[in-house]
Amino acid sequence: MMLPLTTPRLLLRRFRTEDLPSFSHYRNLPEVARFQSWTHYGMTEATAFL
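One point on numbering: in this note's numbering, the residue at position 36 of the sequence shown is 352, and numbering is uninterrupted.
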């Protein structure tokens, strides 16, 4: 699959450094984290993921 993949309603691309704050925020939402194995997901973890 070649990225980016674009449709009228979707843009699928690789993570970028500027995505890290939003990604970290999403991973810390209680309604998301309660179904996962992490308890805290900060910028350090997000950067390591990238």
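Heads up, the beta-carbon is just placed ideally off N, CA and C, and yes, glycines get one too.
Status (buried if at least 16 other CB within 10 Å, exposed otherwise) for residue i
i: residue 362; result: buried
Whole-angstrom distance between residue j and residue i, CA atom to CA atom
i: residue 335; j: residue 341; result: 10 Å
i: residue 352; j: residue 324; result: 31 Å
i: residue 345; j: residue 360; result: 17 Å
i: residue 318; j: residue 333; result: 20 Å
First through last residue of the alpha helix (DSSP H) which encompasses residue i
i: residue 369; result: Here the chain has residues from 317 to 366 only, and residue 369 is not among them.
Three-state class that DSSP yields for residue i in the structure shown
i: residue 333; result: helix
i: residue 343; result: helix
i: residue 338; result: helix
Extent of the continuous beta strand (DSSP E) to which residue i belongs
i: residue 323; result: 321-323
i: residue 328; result: 326-328
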